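Visitor: For the sequence shown, this note's numbering assigns the number 9 to the initial residue and increments by one for each residue that follows.
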Amino acid sequence: MKKVKLRTQVFRISFIILFAVFITIFMSNKYGYYEYRKHEQVTLTQEQIKQFEQDIKDGKNVELENYLSNTNKNYQTNFSQIGLNLSNTIADTIKNGVDAFFKYFSKFVIE
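#1: Reducing DSSP to helix, strand and coil, say where residue 32 ends up.
#2: Pull up the distance between the alpha-carbon of residue 112 and that of residue 36, whole angstroms please.
#3: Below 8 Å on the Cβ atoms is my contact criterion, and I expect residue 60 with residue 70 to pass it. Report the Cβ-Cβ distance as a whole number of Å.
#4: By DSSP, does residue 117 sit in helix, in strand, or in coil?
#5: Expressed to the nearest angstrom, what Euclidean distance is found between the alpha-carbon atoms of residue 32 and residue 25?
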């Protein structure tokens with residue numbers, strides 16, 4: 009009886025978490041969060057182009073590095089690195105297991 013109850017609880021919690029993630033993604037898409045972020049990037053780029061053109065008109069020394077901002081931010085933490093390593097290890101293990109399984113059964117098909 010406890011096993012069934014535990015499985016039901018795990019299923020319910022998993023379902024609630026997945027539903028919350030779905031609602032979050034749906035709402036951010038509905039209210040245009042992604043489009044807003046892209047609009048901000050375009051605006052920054054247009055401002056940088058205007059600054060570049062103004063500096064050329066003013067005869068300033070123009071270097072490309074002065075107008076490019078680093079948009080590749082690294083948000084990875086130690087916790088996310090551990091999760092990534094664990095995920096890659098599990099994926100590699102499953103891939104190797106599936107490859108070994110099909111390699112083993114291919115002997116029967118070939119012969």
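Note that CB positions come from ideal geometry on N, CA and C, so glycine has one too. All values reported here derive from a predicted model rather than from experimental measurement.
Guide: In short, the structure shows the following:
#1: helix
#2: One C-alpha to the other measures close to 47 Å.
#3: 7 Å
#4: helix
#5: Taking the straight line joining both Cα atoms gives about 11 Å.
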